[in-house]
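Chains as they are written, first to last, in this note's numbering: chain A, 1 to 599; chain B, 600 to 1002. Built from N, CA and C at the ideal position, the CB exists for glycine as well.
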């Protein structure tokens, strides 16, 4: 099995057709046509508008930019983008302190701040980093080619098992038109065939961009191109934390390596033609592996497709994918089951979820700039509360409407600059509330489908999943935080532990002309909100049960009557309690026909 | 997060914090460490005895309002209420200086431990608005972010006849649009029917005279377009005249200097653009936007306006044809781009970071001194935007193996 060779594209694959590729912006020559500049602005203003609005409503949406005043008062422009993050390469057990990860480079350069482990799960914990080191196994990574004369390889070497990574280079000495080449990194082959438009420089750029896009390589290696040479740097290594883990974190689930097997066809509703079928595994946290190899089969009209059962790893389910139409080069999510044999009796739509672009089943770890907690909490690495008392609150909808559709109008340069309105939906939410709440985005600075798609899906995720804001007040070192800093929130009273949020606004209270307090407003943060992916992922807010949940009334000893208010028959009771474990606390509980038995 | 260990230590442990406010001239600019009190024109605090950087702060602050900073569309803002009991503030406001337009800084410092600028934290930097009210006891000054305090519009001008810098029309750098009508006549032979059976046998050639005059689509309410990157637009008719076998055309693209005009074409297949009678002017200032042809319709340099001078062929002799609509792909403004991290290279670009920096820095827009812009961040933004990434919209199967 192998992936098909890359070739020069006849046109912009992301848009319509008919235009000479050289006529649309950023069309890159030869094999480089498989790449695109991440964000461009190609727009004209022909009606006068405030320049602030032009930047905020027209320019910034094309590149997910925002502006702040720095600590020195200067203006700073930023992109919304992922913070430093990595995925665990193995399971982490309770008590472990050295964590093997796919990219430790950000922490080798700067091991400050905090490491949030397994965010958005009930296993999250925060630790401080002691050290970060590259893995000496980087020196053993293989890099080969089928044409050693034209493609000059220098293999991996130089990793010292500490702060120096291994590097390798690919120098393109020649790019002969029509010659099939392959470059294989760590067992993953990139086949390509140059055209007359190619030069060593375009091939090198293509290789760097394509390796960087390869879902099985891009997390563990960095690719940089200079003229005709690609430099590959190993990134994987080990992170050592200060305090042993107190939660177990699961190992990444291996990508399925076997294509689905056709079990048969039955009379059904599908049209005739070839279909592609594949599957992923989905772990307990809702993360999926990469797609299995696909099976392609052709059926006559009025049949369906039945695939044989597959056996997922323990704790996983199987997500089935199929082409949304015969002859399509797309594949979309269809259904999820336990791996039993499955009949595709219908087809997904083009706007159904796309397949994962990265295997995210490993334990995610990310850098957070601070941790806020309302109490001492070992999971959060905090020894005391560092928020002002009773200042935590969260808002579900008072900041923005919960938009479940993004309408982004852009012009497609590859289609004679035709105006196109791209709509992306959260169908589940629309079905749930039986209402479409759309948000219109001015995308006239965008001139290609690929960029429009990334912007629109990112905004939908930001407006849906991240439209949950925490608000709290703190002081002292908290004054150093700035907009878009990501911090972890532990609001034990609400059962929220280590929730990553990104600071959106700060309000300083200066009433005493001395040390101010600052009130932060911060929506939920996830790296997947701001990467280049369009894959749909749920970002849950995990509210864990209170420590005293599940206790029977006889477990609770009420101490004294002072401060206890109790109304039977549906009211509330606030009680100070201690129990036979020696724990104490305050609980507010709603009772029905309540009876409290005093032990 | 502000990465400053000394300040972090001060914030964590100091107990002698004070807020102060500083006023700087309207054209002051921050250094790498921010504004420096010795350069201020006013230093104020809420308590007596505060000195920092060798300067003493006057106790005139009655109250600091809340400061809000945000990354949303909302404009950062702050306010300070000064005591006017001593009348110093009234004198400051009425005595010539005035608060409006001054740069205001609100700083947090430790009276005992803050020595260097970096030992303090600037909570707000902005520009003062004109105080809306005051009395014998107090005067409150509101301030907004340096960007929010200026009413700047884009595009900067319209196709009106005036030059916003007051230049006269005979100045080559005049940037207004005045339509100078041109008119004339031409003669041509015409066959006329003179009766007879179905008019077949009685025809006569006569010399006909056709009068013409130029016309224009210039509209004082229409903005002169400004663009970035590469876009396709319909050009604006500065002037046209049907001189018989062809139409003379002069068409505006918009604000210059631009990089190129590509594939200009008439949308009327009956009136194609002449392949060689065609000149592109890229919107340079004054005479650089030439040479002009004074015999062509609507002559002039049209300083800083990119335009083309061309002709539409196949015009009928006996009718006045309307000018065809002309579209072109424009590689628009040449603006400042970074070279090795230094923003000093003029080039065409479609990078949104450069567009943003241009609008902040250009004299026709926010006109902020380059020192107001933290270019370390501009460069990071530029690099992030310009990274080439694999186009996953091409196919869902780029990296998926086939069984």
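Rounded straight-line distance, which links the Cα of residue j to that of residue i
i, j, result
"residue 968 of chain B", "residue 977 of chain B", "14 angstroms"
"residue 362 of chain A", "residue 525 of chain A", "19 angstroms"
"residue 776 of chain B", "residue 861 of chain B", "24 angstroms"
"residue 997 of chain B", "residue 405 of chain A", "28 angstroms"
"residue 590 of chain A", "residue 493 of chain A", "Annotation note: pLDDT 46 at residue 590 of chain A (below 50); position unreliable, coordinate value reported separately. For residue 590 of chain A and residue 493 of chain A, the distance between alpha carbons rounds to 15 angstroms."
"residue 653 of chain B", "residue 668 of chain B", "30 angstroms"
"residue 311 of chain A", "residue 280 of chain A", "11 angstroms"
"residue 410 of chain A", "residue 255 of chain A", "36 angstroms"
"residue 801 of chain B", "residue 789 of chain B", "14 angstroms"
"residue 216 of chain A", "residue 188 of chain A", "8 angstroms"
"residue 648 of chain B", "residue 222 of chain A", "55 angstroms"
"residue 225 of chain A", "residue 183 of chain A", "15 angstroms"
"residue 144 of chain A", "residue 150 of chain A", "12 angstroms"
"residue 341 of chain A", "residue 334 of chain A", "14 angstroms"
"residue 88 of chain A", "residue 236 of chain A", "10 angstroms"
"residue 146 of chain A", "residue 195 of chain A", "18 angstroms"
C-beta contact flag for residue i and residue j at 8 angstroms
i, j, result
"residue 897 of chain B", "residue 837 of chain B", "yes"
"residue 470 of chain A", "residue 665 of chain B", "no"
"residue 228 of chain A", "residue 172 of chain A", "yes"
"residue 479 of chain A", "residue 453 of chain A", "no"
"residue 357 of chain A", "residue 991 of chain B", "yes"
"residue 430 of chain A", "residue 39 of chain A", "no"
"residue 197 of chain A", "residue 230 of chain A", "no"
"residue 932 of chain B", "residue 844 of chain B", "no"
"residue 874 of chain B", "residue 913 of chain B", "no"
"residue 819 of chain B", "residue 786 of chain B", "no"
"residue 702 of chain B", "residue 726 of chain B", "yes"
"residue 822 of chain B", "residue 46 of chain A", "yes"
"residue 712 of chain B", "residue 609 of chain B", "yes"
"residue 424 of chain A", "residue 351 of chain A", "yes"
Chain A within 8 angstroms of residue i, Cβ atoms only
i, result
"residue 687 of chain B", "no"
"residue 584 of chain B", "Nothing can be reported for residue 584 of chain B, as the shown portion of chain B is limited to 600 through 1002."
"residue 992 of chain B", "yes"
"residue 727 of chain B", "no"
"residue 995 of chain B", "yes"
"residue 746 of chain B", "yes"
"residue 954 of chain B", "yes"
"residue 1000 of chain B", "yes"
Identity of the residues DSSP links to residue i by a beta bridge
i, result
"residue 171 of chain A", "A/152, A/229"
"residue 507 of chain A", "A/519, B/667"
"residue 319 of chain A", "A/280, A/336"
"residue 393 of chain A", "A/471"
"residue 273 of chain A", "A/299"
"residue 908 of chain B", "B/849, B/878"
"residue 942 of chain B", "B/937"
"residue 928 of chain B", "B/831, B/861"
"residue 267 of chain A", "A/303"
Listed by chain order, chain D residues near residue i by CB distance under 7 angstroms
i, result
"residue 366 of chain A", "Checking the listed chains, one finds no chain D in this structure; the protein chains it contains are A and B."
CB contact check: residue i to chain B, cutoff 8 angstroms
i, result
"residue 215 of chain A", "yes"
"residue 25 of chain A", "At residue 25 of chain A, the pLDDT of 48 sits below 50, so the modelled position is not reliable; the number obtained from the coordinates is stated separately. Closer than 8 angstroms to some Cβ of chain B, the Cβ of residue 25 of chain A qualifies, so yes."
"residue 522 of chain A", "no"
"residue 22 of chain A", "Unreliable positioning characterises residue 22 of chain A in this predicted model, as indicated by a pLDDT of 41, which lies under 50. The coordinate reading is nonetheless provided below. False, the Cβ-Cβ gap to chain B never drops below 8 angstroms."
Simplified DSSP assignment, three categories, for residue i
i, result
"residue 31 of chain A", "helix"
"residue 985 of chain B", "helix"
"residue 414 of chain A", "helix"
"residue 998 of chain B", "coil"
"residue 447 of chain A", "coil"
"residue 106 of chain A", "helix"
"residue 636 of chain B", "helix"
"residue 375 of chain A", "coil"
"residue 550 of chain A", "Legend: pLDDT at residue 550 of chain A = 47, less than 50; position of this residue unreliable, no value from coordinates given."
"residue 778 of chain B", "coil"
Proximity test, residue i beta-carbon vs the ligand SAM heavy atom, cut-off 7 angstroms
i, result
"residue 905 of chain B", "This structure lacks the ligand SAM; in fact it carries no ligand of any kind."
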